[in-house]
Amino acid sequence: MYKSQLNMLITQDGFLTMFDSCTNLLPRDIHMEVDNLKMKQRKTNKTQTLQDLLTLSETLSLDIQTSQQKLSALQKEMTLEGEDKDQEVLMMSHMLSTILKELWQLSDGFKQCYKSNIKQWCNKSPPELSQLGDTIQTVHGCLGNFTRLLSNMNEIRQTQTKMNKLVKKEFTGFPVTIDEASKEISESLQQCLSVLEETLHRCDSRFKSNQSTVLTV
Numbered sequence: 000m001y002k003s004q005l006n007m008l009i010t011q012d013g014f015l016t017m018f019d020s021c022t023n024l025l026p027r028d029i030h031m032e033v034d035n036l037k038m039k040q041r042k043t044n045k046t047q048t049l050q051d052l053l054t055l056s057e058t059l060s061l062d063i064q065t066s067q068q069k070l071s072a073l074q075k076e077m078t079l080e081g082e083d084k085d086q087e088v089l090m091m092s093h094m095l096s097t098i099l100k101e102l103w104q105l106s107d108g109f110k111q112c113y114k115s116n117i118k119q120w121c122n123k124s125p126p127e128l129s130q131l132g133d134t135i136q137t138v139h140g141c142l143g144n145f146t147r148l149l150s151n152m153n154e155i156r157q158t159q160t161k162m163n164k165l166v167k168k169e170f171t172g173f174p175v176t177i178d179e180a181s182k183e184i185s186e187s188l189q190q191c192l193s194v195l196e197e198t199l200h201r202c203d204s205r206f207k208s209n210q211s212t213v214l215t216v
């Protein structure tokens, strides 16, 4: 572990320059530029004059100023982003705190409501059903049959009325035939109605007997 950390430290850029026997007065980046210029001068075999050195120094100073301006702009941007991030974190913390308080209030209210109103009904024994349910079911079935019987009688009466009107339209001018047809139709319908009335009376009596049984129970 220590060996790997030492290797990382040694391999860092500029670490070994601390052990050099000579000291460079210029920074490393400027020193590299000067070395490059020296190499170019050696290739061209030209001697630099004072004016060339002044021009070079002005160029380097302009580059340094530009780099400093860029660095200042980057520092301002990073500072602003950091402030915005801090404000956002603070706002989210306040929102989370408010939500947690509301959740705690809801849970506390539910606990109080459960203890005062709901808890007493949670351990109730199930209800016991009596024989009254079967009787009510029978009465309900008779009532449904009675309702269907009444609706059928109403349909029969409406059908009789429509048939009488149709016969009168078809046999206009034949009073004897109309009378005979009407008489036969009325007799047959009267028989049907008598049968339905007997059935209705029977259902009514059964319904009353069941109702009296329910009241007795």
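Residue numbers for the sequence shown follow numbering that gives the first Met the number 0, beginning at 0 and rising by one. Yeah, the Cβ is synthetic: ideal placement off N, Cα and C, and Gly gets one too. Computed from a predicted model, the values in this text were never measured in an experiment.
Measuring straight from C-alpha to C-alpha, what distance separates residue i and residue j?
i    : j    : result
L53  : M38  : 19 Å
E57  : S71  : 21 Å
V33  : T65  : 19 Å
Q159 : T146 : 20 Å
L89  : L105 : 25 Å
D85  : T97  : 18 Å
K75  : K69  : 10 Å
S150 : E127 : 38 Å
Q67  : D28  : 15 Å
Just verifying my parser: in three-state terms, what is the DSSP assignment at residue i?
i    : result
Q64  : helix
C121 : coil
E196 : helix
Q130 : coil
T239 : No answer is possible for residue 239: it lies beyond the span of the chain, which begins at 0 and ends at 216.
T215 : Any reading at T215 must be qualified, since the residue scores a pLDDT of 48, below 50, and its modelled position is unreliable; the value itself is stated next. Note: T215 maps to helix in three-state DSSP.
T48  : coil
S3   : helix
Among the residues of its own chain, which have a CB less than 8 Å from the CB of residue i, if the five just before and after it don't count?
i    : result
L148 : L195, T198, L199, C202
L192 : M152, I155
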